[in-house]
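>
Residue numbers (our numbering): 38 to 249.
#1: So residue 105 packs on residue 87, CB below 8 Å; how close in whole Å?
#2: Suppose contacts are defined by Cβ-Cβ distances below 8 Å. Is residue 186 in contact with residue 130 by that definition?
#3: Pick helix, strand or coil for residue 39, following the three-state DSSP scheme.
#4: In three-state DSSP terms, what is residue 102?
#5: Looking at residue 93 and residue 275, is the spacing between their C-beta atoms short of 8 Å?
#6: Please work out which residues of its chain come closer than 7 Å, Cβ to Cβ, to residue 79, disregarding the five sequence neighbours upstream and downstream, and give them in chain order.
#7: Using a Cβ distance threshold of 8 Å, determine whether the region 196 to 204 contacts the region 156 to 163, with at least three qualifying pairs required.
#8: Under 6 Å Cβ to Cβ from residue 180, same chain only, skipping five residues before and after it: list those, please.
#9: Would you give the residue range spanned by the alpha helix (DSSP H) that residue 185 belongs to?
#10: On the DSSP letters alone, give me the boundaries of the alpha helix (DSSP H) that residue 72 sits inside.
Here it is in structure tokens:
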């Protein structure tokens with residue numbers, strides 16, 4: 038059996054990125070350089086396909102190419118994530134690392150179930166820290182969205198900034214309106230009416246009077 042095919046199957050089946058040493062053990066190979074060489078060959082073979090082989094900080098993974106993701110994302114098992122879980126995920130991406138206590142403060146007690154759901158899907162990791170837990174995104178998050186979390190975070194920060202600017206603008210507008218007191222309307226004084234001069238008899242009237 039081709040070792041390259043084994044690597045391909047492993048990357049396809051794994052729900053998370055795999056490190057070189059893990060893949061080496063799978064192949065029964067000690068040379069990590071050799072494993073990397075096989076992965077790079079596989080990477081070139083996938084260059085013209087809908088999937089791609091990517092080397093991330095968390096390890097090697099197979100994922101849908103970013104330009105195709107929007108067309109097929111609804112087919113993923115994560116397409117059924119609730120709106121509450123999505124909001125929790127956005128907060129985590131924006132504030133990472135973030136404490137569980139902060140998520141609960143923002144979303145209320147329902148956040149416990151949202152975090153449990155996200156952890157079950159392997160989209161977040163939780164580590165005990167003092168009286169609370171520290172939450173981070175996993176490599177599966179990047180694999181699902183098809184791009185690095187830093188790029189996603191930049192977009193979230195940009196959207197948040199625009200939202201805050203809009204809210205600040207909306208708050209400032211009523212104050213401006215309240216600050217401007219309407220000028221009292223000046224009462225128009227009635228203009229003095231000029232006495233009408235008595236109508237002068239026209240020439241025709243004079244003639245008519247003579248003819249009568």
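Idealized CB from N, CA, C, for every residue including glycine.
Here's the rundown:
#1: Position 68 of the chain shown, counted from the start, is the residue given in the question as residue 105. Position 50 of the chain shown, counted from the start, is the residue given in the question as residue 87. Contact annotation, residue 105 with residue 87: C-beta distance approximately 5 Å; criterion of less than 8 Å satisfied.
#2: For this step, residue 186 is matched to residue 149 along the chain shown. For this step, residue 130 is matched to residue 93 along the chain shown. For the 8 Å CB-CB criterion, residue 186 and residue 130 form a contact.
#3: Here residue 39 corresponds to residue number 2 of the chain shown, with the count starting at 1. Reduced to three states, the DSSP call for residue 39 is coil.
#4: Here residue 102 refers to the residue found at position 65 of the chain shown. Note: residue 102 maps to coil in three-state DSSP.
#5: Residue 275 lies beyond the range of the chain shown here (38 to 249); nothing can be said about it.
#6: Taking the first residue of the chain shown as position 1, residue 79 is located at position 42. 41, 44, 45, 90, listed in sequence order.
#7: By the Cβ test, the region 196 to 204 is not in contact with the region 156 to 163, since fewer than three Cβ pairs between them sit closer than 8 Å.
#8: As a first step, residue 180 must be located in the chain shown, where it is residue number 143. For residue 180, where only same-chain residues beyond five positions count, the Cβ hits under 6 Å are 98, 100.
#9: Here residue 185 is taken as the residue at index 148 of the chain shown, counted from 1. First-last for residue 185: undefined, no H or E at that position.
#10: The count along the chain shown starts at 1 and reaches residue 72 at position 35. 69 to 82 is the span of the alpha helix (DSSP H), which, as asked, contains residue 72.
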